[in-house]
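Below you'll find the structure, written out as C-alpha cells, and then a few comments.
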C-alpha cells in the first residue's frame, strides 16, 4: 500500500511527549549522545484548535539533531486540551508521539493529507508559523500522529543553526541552550 508519506520522503523529525523536558534532555545527552539541545521558552500558540475547539495550551519544547533527523521533546504545562496532553495522560512516562515532515509548500501538503483521509486533530500558529497534526484514517499505532510543518525561511534558518551545532558538537560542551 502506497501512501502520501512515501511521496513526502523520510520524516524530518521524531517528536516525543515527555513529562519533564529538562530531565528528558539529560537522558538524551547522557544515554544517546544527542545534542546540543535548544529549549524554547514556555509559550502558548498564537492560535490553536484541537479537534475543532480552541485551545491555549502552554508548552515547553526542545529540539536537537542527530545527522539529518531532528528530535523534538514536548512537555504540556497546563490542563488545556491538546494532543500532547492526551498522549501523556495515556502514557505518563512519555514516548514517541509524532512523526513530522517539513514542507515548503504547506498548503499542498495539508491538501494531500486531507485528500488521503487523514483526520486533522490539531493545528495552529506557533510563533506566527503554521503546524498541523493528523491522525491516520486507520489506526495501526495508537497515539502516533503525523505533523506537517510549514518550512518558512525563518524556521529553516533556526533548524539549520541547530543542525550545524549538532554537527560541530563535541558531546560535552554546553549540552543545553535556551532560546
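Numbering (this note's numbering), first residue to last: 56 to 234.
Glycine included, every Cβ here is placed at the ideal spot set by N, Cα and C.
Quick caveat, the model's predicted, so the values are computed rather than measured.
Separation of residue 122 from residue 181, as counted between CA atoms: Cα-Cα distance, rounded: 25 Å.
Along the chain, where does the beta strand (DSSP E) that runs through residue 134 open and close? Counting along the chain, residue 134 falls outside any beta strand (DSSP E), and DSSP gives it neither H nor E.
Which residue or residues does DSSP assign as beta-bridge partners of residue 106? Answer by DSSP bridge pairing: none, since residue 106 is not bridged.
Is residue 124 closer than 8 Å to residue 69 when the C-beta atoms are compared? The beta carbons of residue 69 and residue 124 sit closer together than 8 Å.
Three or more beta-carbon pairs under 8 Å between the region 198-207 and the region 152-159, yes or no? A contact is defined here as three or more CB-CB pairs under 8 Å, and the region 198-207 meets this definition with respect to the region 152-159.
Out of 75, 131, 108 and 126, point me to the one whose CA is closest to residue 53's CA. A question about residue 53 goes unanswered here, because the residues of the chain that appear run from 56 up to 234.
Just to confirm the assignment, what range does the beta strand (DSSP E) spanning residue 217 have? Not the beta strand (DSSP E): residue 217 falls in the alpha helix (DSSP H), residues 208-222.
So what does DSSP say about residue 162, is it helix, strand or coil? Residue state, collapsed to three classes: helix.
Would you mind reading off the limits of the beta strand (DSSP E) that contains residue 95? Residue 95 -> beta strand (DSSP E) spans 92-98.
Using 10 angstroms around the beta-carbon of residue 56, count the other beta-carbons present and answer buried if the total reaches 16, otherwise exposed. At residue 56 the pLDDT is 39, less than 50, meaning the model places this residue with poor confidence and gives no usable figure here.
Contact belief for residue 76 with residue 117 at Cβ below 8 Å, rounded distance in angstroms: That pair is a contact at about 5 Å.
Return the CA-CA distance between residue 206 and residue 62, expressed in angstroms with no decimal places. Take the alpha-carbon of residue 206 and the one of residue 62: they are about 17 Å apart.
On a Cα-Cα basis, can you pick out the residue from 81, 91 and 110 that is closest to residue 102? Nearest Cα to residue 102 within the set 81, 91 and 110: 110.
Exposure of residue 208, with buried meaning 16 or more beta-carbon neighbours within 10 Å: Its Cβ having fewer than 16 others within 10 Å, residue 208 is exposed.
In whole angstroms, what separates the C-alpha of residue 106 from that of residue 98? So the alpha carbons of these two residues sit roughly 20 Å apart.
Alpha carbon to alpha carbon, what distance is there between residue 222 and residue 175? Cα to Cα, residue 175 sits roughly 35 Å from residue 222.
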